[in-house]
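Visitor: Below are the C-alpha cells for one structure; questions will follow.
Number of protein chains: 2
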Amino acid sequence: MEPVERWGVFETRIKGPEDGNPFTGHTLRGVFSCRWEKVEADGFYDGDGEYVFRFMPSFEGEYDYTLYADFLEEPIQGKFLSVPASEGNHGPVRVADTFHFAYEDGTPYYCLGTTCYAWAMQSDERIQETLDSLKESAFNKVRFCIFPKHYDYNLSEPRSYPYEGEPMDSSVLTPENFLQYGNKSKGNRWDFTRFCPEHFRHLEYCVSQLCRLGIQADLIVMHPYDRWGFSCMTKEQDDLYWKYVLARFCAFRNVWWSLANEYDLLHDKTMADWERYADLICRHDPYSHLRSIHNCISFYDYSRPWVTHCSIQRQDLYKTAENVNEWRERYRKPVVLDEIAYEGNIPHGWGNLSGQEMVRRFWEAVCRGGYPGHGETFLSDDGVLWWSHGGKLHGESHKRFRFLMDIWKETPGGGLMPCDRFWSEVCAVPQMSLAPSVSDYYLIYYSFMQPALKQYHIDDVTEYRLKVIDTWNMTVEDRGIVCGRFSVKLPGRPYMAIQLKKADLP
Amino acid sequence: MEPVERWGVFETRIKGPEDGNPFTGHTLRGVFSCRWEKVEADGFYDGDGEYVFRFMPSFEGEYDYTLYADFLEEPIQGKFLSVPASEGNHGPVRVADTFHFAYEDGTPYYCLGTTCYAWAMQSDERIQETLDSLKESAFNKVRFCIFPKHYDYNLSEPRSYPYEGEPMDSSVLTPENFLQYGNKSKGNRWDFTRFCPEHFRHLEYCVSQLCRLGIQADLIVMHPYDRWGFSCMTKEQDDLYWKYVLARFCAFRNVWWSLANEYDLLHDKTMADWERYADLICRHDPYSHLRSIHNCISFYDYSRPWVTHCSIQRQDLYKTAENVNEWRERYRKPVVLDEIAYEGNIPHGWGNLSGQEMVRRFWEAVCRGGYPGHGETFLSDDGVLWWSHGGKLHGESHKRFRFLMDIWKETPGGGLMPCDRFWSEVCAVPQMSLAPSVSDYYLIYYSFMQPALKQYHIDDVTEYRLKVIDTWNMTVEDRGIVCGRFSVKLPGRPYMAIQLKKADLP
Chain V
3 MEPVERWGVF ETRIKGPEDG NPFTGHTLRG VFSCRWEKVE ADGFYDGDGE YVFRFMPSFE
63 GEYDYTLYAD FLEEPIQGKF LSVPASEGNH GPVRVADTFH FAYEDGTPYY CLGTTCYAWA
123 MQSDERIQET LDSLKESAFN KVRFCIFPKH YDYNLSEPRS YPYEGEPMDS SVLTPENFLQ
183 YGNKSKGNRW DFTRFCPEHF RHLEYCVSQL CRLGIQADLI VMHPYDRWGF SCMTKEQDDL
243 YWKYVLARFC AFRNVWWSLA NEYDLLHDKT MADWERYADL ICRHDPYSHL RSIHNCISFY
303 DYSRPWVTHC SIQRQDLYKT AENVNEWRER YRKPVVLDEI AYEGNIPHGW GNLSGQEMVR
363 RFWEAVCRGG YPGHGETFLS DDGVLWWSHG GKLHGESHKR FRFLMDIWKE TPGGGLMPCD
423 RFWSEVCAVP QMSLAPSVSD YYLIYYSFMQ PALKQYHIDD VTEYRLKVID TWNMTVEDRG
483 IVCGRFSVKL PGRPYMAIQL KKADLP
Chain P
3 MEPVERWGVF ETRIKGPEDG NPFTGHTLRG VFSCRWEKVE ADGFYDGDGE YVFRFMPSFE
63 GEYDYTLYAD FLEEPIQGKF LSVPASEGNH GPVRVADTFH FAYEDGTPYY CLGTTCYAWA
123 MQSDERIQET LDSLKESAFN KVRFCIFPKH YDYNLSEPRS YPYEGEPMDS SVLTPENFLQ
183 YGNKSKGNRW DFTRFCPEHF RHLEYCVSQL CRLGIQADLI VMHPYDRWGF SCMTKEQDDL
243 YWKYVLARFC AFRNVWWSLA NEYDLLHDKT MADWERYADL ICRHDPYSHL RSIHNCISFY
303 DYSRPWVTHC SIQRQDLYKT AENVNEWRER YRKPVVLDEI AYEGNIPHGW GNLSGQEMVR
363 RFWEAVCRGG YPGHGETFLS DDGVLWWSHG GKLHGESHKR FRFLMDIWKE TPGGGLMPCD
423 RFWSEVCAVP QMSLAPSVSD YYLIYYSFMQ PALKQYHIDD VTEYRLKVID TWNMTVEDRG
483 IVCGRFSVKL PGRPYMAIQL KKADLP
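Which chain is which? The protein sequence lines are V and P, in order.
Residues 3 to 508 (the working numbering) make up the first sequence, in order.
Residues 3 to 508 (the working numbering) make up the second sequence, in order.
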C-alpha cells in the first residue's frame, strides 16, 4: 500500500452489491488507528459497485484499519504508513487563540478568502482558468457550492447534478423571468435517494486542486438559489445528503463546512433543521473541520457551541468591517466577513464597490482583528463574473492583497486585536499583547482619513522601528527608529497606515 | 429720516449719561409700529454717551416709533418709511414645511453652510479675503463666534475683546501646552459689566458684509475654546451678555442664534442655564430668528420647543449624513449637519476628510432631506486654516457645491425628503410629494457605489426626463424621455446620481 502523508487522504475501495439502492441500503464504517488516535469514519457508495473508505491521518507512523460493511462476511483489515507532511501541508485549519486561526502544525493562518459560488460547475477550461487566477492571488480560502446555483448571471445548466434524474427545462429562463423559477419549480424529476457520484468526484477534484494551492475549500452545503428543488427536500432526504457529503469530503484537510449561504432565505428550513445538520456534522466529521453558517439579513446565533467562527454578511450599506470589534466581543470567536459586498459594477448594491472601498474594508477588518472576504462582480461581455463563475480577476482590490498579507504575517504571535486608543484611528496590536497600551507592535490604519501629520506617544523608553505604509499604492517606507513623543509626516492621502515594531524584534 | 428697506436695519441713536455704568444702569426700549405689526425691542449702550435703538421692519409702509429710557424726561417719538426690499433681500430665514427653510418672502432657502469660527477676529485684510472667498462660493451660511477663540492653530490674540480689561499673557502659549490654559486661566482682568462696543461694532460689520452677500450669520454666542474666562462667567454676567448680544444683533435679518458650539464641553453650564439663555432669546428677539445649539458628543434635546432646527455634529467616524432620515423622524425639524468633519489634512480625525468624502457626505445629506455643512482644515505654512481664520479655500469640495446647489434648486416645492425605495440607493423626492412611490421628481444618488447599469420602474405611464449626474466631475447628461421599465447605463464610477423629472414640469 502506498504511504500517505500526514493530513493527506488515505482511500481504499471495496467491491460490493449493485442491486437495490446501494446509496441507502448499507452501513459502511472504517476504524483507523495508530498509537496516538483511533478514528471512526463513514464510507460511501461511489457507483459501479465500488464502496469507498477515506481517512485523514493526523499523525505520522503506521496505521491499522478495519472496514465494516453489512454485506461483508467479515471486516477487512489493513495497514498503511503515514509519512511526514510534504512542504506546504500544515494540516487542517483550526481556531487559535479564541479569535484567530492556525493550521494544525501551529502555523498561523490569516484567512483571506474569496467567493466563486459556482466555479466548480463550469467547464474544464474555466475551472483551470480559475485555479490559475487563484494561484496568482493571495487568496487562501474559496467559498463555493455543492449544489448547482440558479441566480442572476448564472442561469445555464451546471456540468452535472448531485442526483440521478432530469432537471426542468431551462430554455424558458430569461434574465427577466428567472426569479419566478424558484425551488418549487415543476418539471424536475430527481431520485433524492440516488446520488450522482460523478458530480461529487468532480467536486473532490476541485477541493484537491485547491488543496494543492494551499487554499481552503469553504464548502457551502446548502443554499437558496435553486430551481431544482435541492433546497426543499424532506428531512430524510436532507439527512441522507448531509451524511453522503460528510462521508465524501471530510477526509480532505482543506475542507470547511458552511452549512448554508444565506440560510435565512431557505424558507422551508427551521432552526431545528439547522441545528440537526450541525449535529450530523459533529457526529460524522471525525476531524472537526471548521463549521459556520452564513446569513443574508439575520445573523445566525454564532454563539452556538458547534459554530467555530462567524461567517458574516454585512448588515449595513456603509459599515461592516467597522463592526468587527463588536462582533468579536459578542461571539468570542474568529470573525470572518464572508461578504462585505463585492468589487464590481453590477446594479445590485452588494456588487458595485470600487477597488478602493474594497481594500479599505479589508484593512479596516484586519486592523480590528477580523478576517475579510472578497468577491468580484464586474459586468462583462462573456457573462463571466468571478463571484459566480470564477475565471479571471478584473478588479483592483485583489492586486493589493498579497501586500496586505505580507504585512499581516509580520504580526507577532499570529493574530491582531483592536486597541482602542483614539476614536480617529484603527489601531491593531497582537492578540498576545498583555497590555495593549504598551505593545511591541502596532499597526495603525487611517482609512478614508488623510492626515498629513500625526503625533504619537507610546511610552518614554521603548524604541520602535517606524514604517509608513500606503495600502493602496503598496509602498512601505522605513522611517527608522522612534522613541517617546514623535511626529510623523504623512502624504495627506487616504488609505495610509503606520507600523511600529519594537526595535529589537526580528 | 432716510427710508429703510423692508427687513433692513432701522437705527436711531440718542445721547445719554456717561456716568456710572451705562451698560447696566439704564433700561432702554423702543416700540415700533405700523399697520401690520407692533414690535418692542431693547436698546443698548454703544459707548461715548450714545444709546442705540434698532429695528427690523417686516412690512413696507410708514412706521411710528417711541423710544423709552429711564434718563429721558419723556419718550422720544418718530417716524420712518419702510420701502420695498432691494434685490436679493428676501427677509430672514424661517422654517418651512417642517423640515426645510424659506426666506420670509417665500423663496426656498437651501442651507449650505461653512464654518470659520474666528474669521471675524482676524485682520482687515484677512476678513476681506474671507468675504471675497465667500462671494465666489456657494455658501449661504457661516458659523462663527462672538467671543474670541482659544484652540489649536488659533492661539494668537484676537483683534478685540468683548469686555473692558486685560487678557492673560499669551506669550506663554505653545502648540504643545495650550490645552493647559483653559477658561480658569489666571492673569485675566475683565470687567464683565462693561462691554467693549468696538468689538461688537466690528462683529456687526461682519454680519452686515455677510448680509450683503446673501449669507446667513450663524452666530455662536458661547463656546468652550476659552482662556479668558468668557465661558465661566456668573449667571448674572451671562444674562447681561446675552441681553447685550440680543439687543445689538437681532435687527439683522441674516442672524441665526447658535446658543453654543459644543455646549456639552462648557462644563460650568447646566441644562437649566441653556434653557434660561433660550428663554432670553425668545423674550428679547422680537423677530424670532432661527435658534439652535451645537453638540460635541451628546445631542441637545432638539425636540425642545424653542429649538427651530437641529445643529448636529457627527457622532460616528464613518456615518453622519446617512443618519439624516432617523433624525428627521425623531425631531421633525430641519436637520442641519453643522459638522460632518472637515476637508483637510490635520491630525485631528474631524479635520482630515478628502474632498471626495466631503462631497459624498453633502450629497448623502441633501438626498436624505438634510442640510450639510462644510469646513476646511488644511495645514499651511502661514498657519491660516479656513475653519478657524477664513482666508482662502484650498480644498476640492467647495468647488462642487455650486453645482450641487443648482441641482438642489430644481426641487419642486423647495425641499427634498428621503424616499425609501431600495436599500442600495439614496433616493430623494420633493417634500410636497403626496405619494413618494410615484413622484414628479426623483433625485437618486449612488454614493460610493459604482454601478455600470441600473434598472428603473416608477410606473407604466409617466414620462420623465432622465439626467445622469456626475456629482464629482460636475457633468449633467440629458438622456431624454423615459417611461415604464427602463435601463440606464452609468459610467461605473462612484459619486453618480440620476434625476427623473416629469416631462411636463418646467
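Virtual Cβ for every residue (Gly too), placed ideally from N, Cα, C.
According to DSSP, residue 43 of chain P sits in a beta bridge with which residue or residues?
Guide: Indexing the second sequence from 1 puts residue 43 of chain P at position 41. Beta-bridge pairing links residue 43 of chain P to P:32.
Visitor: Could you tell me which residues DSSP pairs with residue 15 of chain V in its beta bridges?
Guide: Numbered from its first residue, the first sequence carries residue 15 of chain V at position 13. The partner list for residue 15 of chain V (beta bridge, DSSP) reads V:54.
Visitor: Answer yes or no: does any C-beta atom of chain V fall closer than 7 Å to that of residue 98 of chain P?
Guide: For the purposes of this step, residue 98 of chain P is identified with residue 96 of the second sequence, where counting begins at 1. Closer than 7 Å: no.
Visitor: Name, in chain order, the residues that DSSP records as bridge partners for residue 445 of chain V.
Guide: The count along the first sequence starts at 1 and reaches residue 445 of chain V at position 443. BP columns for residue 445 of chain V point to V:430 and V:501.
Visitor: Residues bridged to residue 166 of chain V by DSSP?
Guide: What you label residue 166 of chain V is simply residue 164 of the first sequence in a count that begins at 1. DSSP output for residue 166 of chain V lists V:193 as bridge partner(s).
Visitor: Give me whichever residues DSSP pairs with residue 116 of chain V in a beta bridge.
Guide: One-based indexing of the first sequence puts residue 116 of chain V at position 114. Partner(s): V:144 and V:376.
Visitor: What residues from chain V crowd round residue 401 of chain P, counting only those whose CB sits closer than 8 Å?
Guide: For the purposes of this step, residue 401 of chain P is taken as residue 399 along the second sequence, with counting starting at 1. Within 8 Å Cβ-Cβ: nothing; residue 401 of chain P doesn't reach chain V, min ~17 Å.
Visitor: The alpha helix (DSSP H) with residue 250 of chain P in it runs from where to where?
Guide: As a position in the second sequence, residue 250 of chain P is number 248, starting the count at 1. Here the alpha helix (DSSP H) through residue 250 of chain P covers 237-251.
Visitor: Which residue from V:363, V:291, V:180 and V:450 puts its Cα closest to that of residue 319 of chain V?
Guide: One-based indexing of the first sequence puts residue 319 of chain V at position 317. When only C-alpha atoms are compared, the closest one is V:363.
Visitor: Can you grab the Cα-Cα spacing for the pair residue 46 of chain V / residue 57 of chain V, in whole Å?
Guide: Locating residue 46 of chain V in the first sequence gives position 44, where the first residue counts as 1. Locating residue 57 of chain V in the first sequence gives position 55, where the first residue counts as 1. Their backbone Cα atoms lie some 12 Å apart in a straight line.
Visitor: Rounding to the nearest angstrom, what Cα-Cα distance links residue 286 of chain P and residue 241 of chain P in this structure?
Guide: As a working mapping, residue 286 of chain P is identified with position 284 in the second sequence. As a working mapping, residue 241 of chain P is identified with position 239 in the second sequence. Rounded to whole angstroms, residue 286 of chain P to residue 241 of chain P spans 11 Å at the Cα level.
Visitor: May I ask you to report which of helix, strand or coil DSSP gives residue 130 of chain P?
Guide: As a position in the second sequence, residue 130 of chain P is number 128, starting the count at 1. Of the three classes helix, strand and coil, the one that applies to residue 130 of chain P here is helix, per DSSP.
Visitor: Closest to residue 361 of chain V by C-alpha separation, out of V:126, V:506, V:496 and V:297, would be which residue?
Guide: Working through the first sequence from its first residue, we reach residue 361 of chain V at position 359. The shortest Cα separation from residue 361 of chain V among V:126, V:506, V:496 and V:297 belongs to V:496.
Visitor: Could you run through the segment 414-432 of chain V and flag, in chain order, every residue whose CB is less than 8 Å away from some CB of chain P?
Guide: Correct list: 424, 425, 426 and 427.
Visitor: Taking the straight line between their C-alpha atoms, what separation do you get for residue 396 of chain V and residue 344 of chain V?
Guide: Taking the first residue of the first sequence as position 1, residue 396 of chain V is located at position 394. Taking the first residue of the first sequence as position 1, residue 344 of chain V is located at position 342. Rounded to the nearest angstrom, the two C-alpha atoms are 12 Å apart.
Visitor: Rounding to the nearest angstrom, what Cα-Cα distance links residue 131 of chain V and residue 122 of chain V in this structure?
Guide: Reading the first sequence from its first residue, position 129 is the one you call residue 131 of chain V. Reading the first sequence from its first residue, position 120 is the one you call residue 122 of chain V. Residue 131 of chain V and residue 122 of chain V: Cα-Cα distance of roughly 11 Å.
Visitor: Report the option in V:64, V:269, V:279 and V:288 whose CA atom is closest to the CA atom of residue 300 of chain V.
Guide: Position 298 of the first sequence holds residue 300 of chain V. Answer by Cα proximity: V:269.
Visitor: Could you pull out every unbroken alpha helix (DSSP H) segment of at least 4 residues lying fully inside the segment 364-409 of chain P, listed in chain order?
Guide: Within the segment 364-409 of chain P, the complete alpha helix (DSSP H) runs of at least 4 residues are 388-391.
Visitor: According to DSSP, simplified to helix, strand and coil, what is residue 63 of chain P?
Guide: Position 61 of the second sequence, counted from the start, is the residue given in the question as residue 63 of chain P. Residue 63 of chain P: strand per DSSP, three-state reduction.
Visitor: At which residue ranges does the segment 247-297 of chain P contain complete beta strand (DSSP E) runs of 3 or more residues, listed in the order of the chain?
Guide: Listed in chain order, they are 257-262.
Visitor: Using a Cβ-Cβ cut-off of less than 9 Å, list which residues of the segment 301-333 of chain P approach chain V; keep chain order.
Guide: Those residues of the segment 301-333 of chain P that come within reach of chain V (Cβ to Cβ, closer than 9 Å) are 318, 319, 320, 321 and 324.
Visitor: What does residue 381 of chain P touch in chain V if you count any residue whose Cβ is under 7 Å from its own?
Guide: On the second sequence, position 379 is the one that residue 381 of chain P refers to. Near residue 381 of chain P (Cβ distances below 7 Å), the residues of chain V are 454 and 455.
Visitor: Got a sec? Which residues, its chain only, sit under 8 Å from residue 288 of chain P by beta carbon, not counting five neighbours each side?
Guide: One-based indexing of the second sequence puts residue 288 of chain P at position 286. Here the set comprises 41, 42, 43 and 252.
Visitor: Taking its Cβ as the centre, do 16 or more other Cβ atoms sit within 10 Å of residue 399 of chain V, making it buried, or is it exposed?
Guide: Numbered from its first residue, the first sequence carries residue 399 of chain V at position 397. Residue 399 of chain V should be labelled buried.
Visitor: When you compare each of P:82, P:54, P:216 and P:245 to residue 67 of chain P by their alpha carbons, which one comes out closest?
Guide: Taking the second sequence and counting its residues from 1, one reaches residue 67 of chain P at position 65. Nearest option by C-alpha distance: P:82.
Visitor: Counting only C-beta atoms, is residue 156 of chain P closer than 7 Å to chain C at any point?
Guide: Any reference to chain C falls outside this structure, whose protein chains are V and P.
Visitor: Compare the C-beta of residue 347 of chain P with all C-beta atoms of chain V and state if any pair is closer than 7 Å.
Guide: Along the second sequence, read from residue 1 onward, the residue named residue 347 of chain P stands at position 345. So, interface residue.
Visitor: Sorted by chain position, which residues of the same chain lie with C-beta nearer than 6 Å to residue 107 of chain P's C-beta, five sequence neighbours on each side aside?
Guide: Locating residue 107 of chain P in the second sequence gives position 105, counting from the first residue. Taken in chain order, the residues that qualify are 92 and 93.
Visitor: Cutting at 8 Å between CB atoms, please list the residues of its own chain near residue 70 of chain P, excluding the five before and the five after it.
Guide: Taking the second sequence and counting its residues from 1, one reaches residue 70 of chain P at position 68. Correct list, in chain order: 29, 30, 31, 32, 33 and 77.
Visitor: What residues in the segment 459-476 of chain P have a beta carbon less than 7 Å from any beta carbon of chain V?
Guide: Result list empty, no residue passes.
Visitor: Output the boundary residues of the beta strand (DSSP E) element that contains residue 79 of chain V.
Guide: Residue numbering aside, residue 79 of chain V sits at position 77 when the first sequence is read from its first letter. Taken as a continuous stretch (DSSP letters only), the beta strand (DSSP E) holding residue 79 of chain V covers 78-85.
Visitor: In whole angstroms, what separates the C-alpha of residue 432 of chain V from that of residue 403 of chain V?
Guide: As a working note, residue 432 of chain V is residue 430 in the first sequence. As a working note, residue 403 of chain V is residue 401 in the first sequence. Distance between the alpha carbons of residue 432 of chain V and residue 403 of chain V: 20 Å.
Visitor: Please look up how many angstroms separate the CB atoms of residue 198 of chain P and residue 227 of chain P, rounded, as I've assumed it's under 8 Å.
Guide: On the second sequence, residue 198 of chain P is found 196 positions in, with the first residue counted as 1. On the second sequence, residue 227 of chain P is found 225 positions in, with the first residue counted as 1. Not quite, the Cβ-Cβ distance comes to about 19 Å (not below 8 Å), so this is no contact.
Visitor: Check whether the segment 426-443 of chain P and the segment 482-494 of chain P are in contact - that is, three or more C-beta pairs closer than 8 Å.
Guide: These segments do not touch.
Visitor: Starting from residue 450 of chain P, find everything on chain V with Cβ-Cβ shorter than 7 Å and list it in chain order.
Guide: The sequence position of residue 450 of chain P within the second sequence is 448, counting from 1. What residue 450 of chain P touches in chain V: 356 and 359.
Visitor: Using the Cβ count rule (16 or more neighbours within 10 Å means buried), how would you classify residue 459 of chain P?
Guide: Counted from its first residue, the second sequence places residue 459 of chain P at position 457. Looking at its Cβ environment, which holds fewer than 16 other Cβ atoms inside 10 Å, residue 459 of chain P is exposed.
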